[in-house]
Amino acid sequence: MLKPLGNRVIIQKSEQEQTTKSGIVLTDSAKEKSNEGTVIAVGAGRILEDSTRVAPEVNEGDNVVFQQFAGTEVKRGDETYLIVNEEDILAIIEA
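Under the working numbering, residue 129 is the last one in the sequence shown; the count climbs by one each step, no gaps.
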């Protein structure tokens, strides 16, 4: 498994099947990239100039919305994960 460092977060993206109004299922190349996912792992947090550590605001299992083109995609086995800085997460989705 991946373990993020510092203020980085690992997200498993939620892929949603997209269809047109007429019911046509879009191919991968025609789909918009999803910017929602589930937090899989969280780093220890960022370090301030006075050497204190700020704990992350997200936790493992949180469903989040992140910036559209943020992060780096990493493939591990059959799964693709996204590693982003915590600042690239815009919101936590609450049910």
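Ideal placement from N, C-alpha and C gives every residue a C-beta, glycine not left out.
With 16 other Cβ atoms within 10 Å as the buried cut-off, status of residue i
i: Leu116; result: buried
i: Val98; result: buried
i: Ile126; result: exposed
i: Ile123; result: buried
i: Ile81; result: exposed
Length of the line joining the Cα atoms of residue i and residue j
i: Gln46; j: Glu83; result: 31 angstroms
i: Gly77; j: Ala129; result: 24 angstroms
i: Asp143; j: Lys37; result: Residue 143 lies beyond the residue range present for the chain, which begins at 35 and ends at 129; the question has no answer from this structure.
i: Asn132; j: Ile58; result: With the chain represented from 35 up to 129, any question about residue 132 goes unanswered, as that position is not in the structure.
i: Gln101; j: Ser56; result: 29 angstroms
Residue i vs residue j beta-carbon contact at 7 angstroms
i: Glu120; j: Asn41; result: yes
i: Asp96; j: Val118; result: no
i: Gly71; j: Ser85; result: no
Q.
Assess contact between the stretch 81-92 and the stretch 104-118, defined as three or more Cβ pairs (one per stretch) separated by less than 8 angstroms. Is contact present?
A. no
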